[in-house]
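Q:
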Amino acid sequence: MTSTHPGAGARESGKREEVRFASGDTECAAWHYPGTNGACVVMAGGFAVPKEPATDLFAKRFHDAGFSVLAFDYRGVGTSGGQPRLVLPVKKQLADWAAAIAFAAALPEVDPGRIALWAFSMSGGHVIRVAARNPRVAAVIAQTPNVGGPAAMLSAASHQKPLAMLRFTGRGIADAVGALVGRRPLLVPLAGEPGAVAMLTTPDVGDGARALDPDRRHPDWRQEVAARSALRLLFYQPGRDTSRVRSPLLVLICDEDRTAPPGPAIHAARRAPRAELVRMPGRHYAPFMEMHEQALDVELAFLRRHLLGDARGASGAVPVDAARR
Numbered sequence: 003m004t005s006t007h008p009g010a011g012a013r014e015s016g017k018r019e020e021v022r023f024a025s026g027d028t029e030c031a032a033w034h035y036p037g038t039n040g041a042c043v044v045m046a047g048g049f050a051v052p053k054e055p056a057t058d059l060f061a062k063r064f065h066d067a068g069f070s071v072l073a074f075d076y077r078g079v080g081t082s083g084g085q086p087r088l089v090l091p092v093k094k095q096l097a098d099w100a101a102a103i104a105f106a107a108a109l110p111e112v113d114p115g116r117i118a119l120w121a122f123s124m125s126g127g128h129v130i131r132v133a134a135r136n137p138r139v140a141a142v143i144a145q146t147p148n149v150g151g152p153a154a155m156l157s158a159a160s161h162q163k164p165l166a167m168l169r170f171t172g173r174g175i176a177d178a179v180g181a182l183v184g185r186r187p188l189l190v191p192l193a194g195e196p197g198a199v200a201m202l203t204t205p206d207v208g209d210g211a212r213a214l215d216p217d218r219r220h221p222d223w224r225q226e227v228a229a230r231s232a233l234r235l236l237f238y239q240p241g242r243d244t245s246r247v248r249s250p251l252l253v254l255i256c257d258e259d260r261t262a263p264p265g266p267a268i269h270a271a272r273r274a275p276r277a278e279l280v281r282m283p284g285r286h287y288a289p290f291m292e293m294h295e296q297a298l299d300v301e302l303a304f305l306r307r308h309l310l311g312d313a314r315g316a317s318g319a320v321p322v323d324a325a326r327r
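The opening residue of the sequence shown carries number 3 in my numbering; numbering runs sequentially from there.
This is the structure:
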């Protein structure tokens, strides 16, 4: 299976072009924004969120600042290949990250030594684990990351009704058993009100569609996930890997986040040798909404420092503290 690299026309126009790259036995789809400064930001959305609603808002601004961007869909999501759809094993998502980094390193305008990773929510935990395994990654941005399944589970449970939790667990187990005999996945909504059988019913998940798709430009976005995949996340703890991340790591958290509780992310950042911690007000999706410009200021300054050697500090709009202080 061959990878598709962008043509000269896309590089000359400066516009994004859809590309595809091999990951295991399937292909992942991505948007490639050719930049001008030799550095590249590899991006992906939350656990089951396609690349367009998840990354467009930030990718365009990174690209306007001169960075190349590769924003991709995990297998089974969006326009990537992979069957069955919306079954998202963490191991395969991590493999998709590795394939995306390799593809980005081979882009003609990219210096392989200046590749950064950007992700939020559950994928914000993924990039920590990916960077721990790949010391060549030059910088990492984990925005409102979910770094530990048990902590997220406790927060989610406090905003869910007991009967609905039992029904969700039962559906996850039934889906896992059904997979053994080839049955189609049992899907659950990504977000719902307390009492609904959904992956999350925390107060801030209701902001998701408004934050990521306010103009309803992405009607094909299926806001669902296989119940078995959602259930397995309870045991996923990428925050344990932060001590092995040798790259500069920016952890951006929101103090009122109930989907990815800030406490575990703060503790995880303090274990990373080269971490910076940014705290801002707001809920899980604040960096896409009312705190968007502040988040961009901090993230662009971080990328410039560590990918371009720009010693200028971040915007004074949001305080940036070394996480190990």
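Even for Gly, the Cβ is constructed at its ideal location relative to N, Cα and C.
When the Cα of residue 282 is compared with those of 223, 298, 80, which residue comes out closest?
A: Checked all of 223, 298, 80; the closest Cα to residue 282 is 298.
Q: I need the straight-line Cα distance from residue 264 to residue 122, nearest angstrom please.
A: Straight-line Cα distance between these residues: approximately 13 Å.
Q: According to DSSP, is residue 123 part of a helix, a strand, or is it coil?
A: The answer is helix: DSSP assigns residue 123 an H, G or I state.
Q: What ranges does the beta strand (DSSP E) occupy inside the segment 191 to 245, keeping only unbroken runs of at least 3 residues that lie completely in it?
A: 226 to 228, all fully within the segment 191 to 245.
Q: Using 10 angstroms around the beta-carbon of residue 278, count the other beta-carbons present and answer buried if the total reaches 16, otherwise exposed.
A: Buried, because 16 or more other Cβ atoms sit within 10 Å of the Cβ of residue 278.
Q: Shortest alpha-carbon distance to residue 228 belongs to which of 49, 40, 280, 24?
A: Ranking the options by Cα distance to residue 228, first place goes to 49.
Q: Under 8 Å, with one C-beta from each stretch per pair, do the segment 125 to 139 and the segment 242 to 256 reach the 3-pair mark?
A: At 8 Å Cβ cutoff, the stretches touch.
Q: Hey, residue 73 and residue 33 are a contact pair by Cβ (cut 8 Å); roughly how many whole angstroms apart?
A: Yes, they are in contact, since the Cβ atoms of residue 73 and residue 33 sit about 5 Å apart, within 8 Å.
Q: My parser needs the alpha helix (DSSP H) runs of 4 or more residues fully inside the segment 48 to 74; what are they?
A: Entirely contained in the segment 48 to 74, the alpha helix (DSSP H) runs reaching 4 residues are, in chain order, 53 to 66.
Q: Out of 174, 44, 182, 181, state which residue places its alpha-carbon closest to the alpha-carbon of residue 380.
A: As shown, the chain starts at 3 and ends at 327. That puts residue 380 outside it, with no answer to give.
Q: Can you check which of these residues, 257, 293, 241, 199, is closest to residue 133 by C-alpha distance?
A: If we check each option's Cα against that of residue 133, 241 comes out closest.
Q: Please look up how many angstroms separate the CB atoms of residue 44 and residue 156, rounded, as I've assumed it's under 8 Å.
A: Not confirmed; about 31 Å, so no contact.
Q: Quick check: what's the CA-CA separation for residue 141 versus residue 109?
A: Taking the straight line from one Cα to the other gives about 18 Å.
Q: In the DSSP output, which residue or residues are listed as bridge partners for residue 147?
A: Residue 147 pairs with 123.
Q: Where do the ends of the alpha helix (DSSP H) carrying residue 297 lie?
A: Per DSSP, residue 297 belongs to the alpha helix (DSSP H) from 294 to 310.
Q: In or out: residue 194 buried (at least 16 other Cβ within 10 Å) or exposed?
A: Label assigned to residue 194: buried.
Q: Only counting the same chain, and skipping five residues up and downstream in sequence, which positions put a Cβ closer than 7 Å to that of residue 333?
A: Because the chain in this structure spans residues 3 to 327, residue 333 falls outside the shown range and cannot be described.
Q: Within 10 angstroms of the Cβ of residue 206, are there 16 or more other Cβ atoms? Answer buried if so, exposed if not.
A: Under this definition residue 206 is a buried residue.
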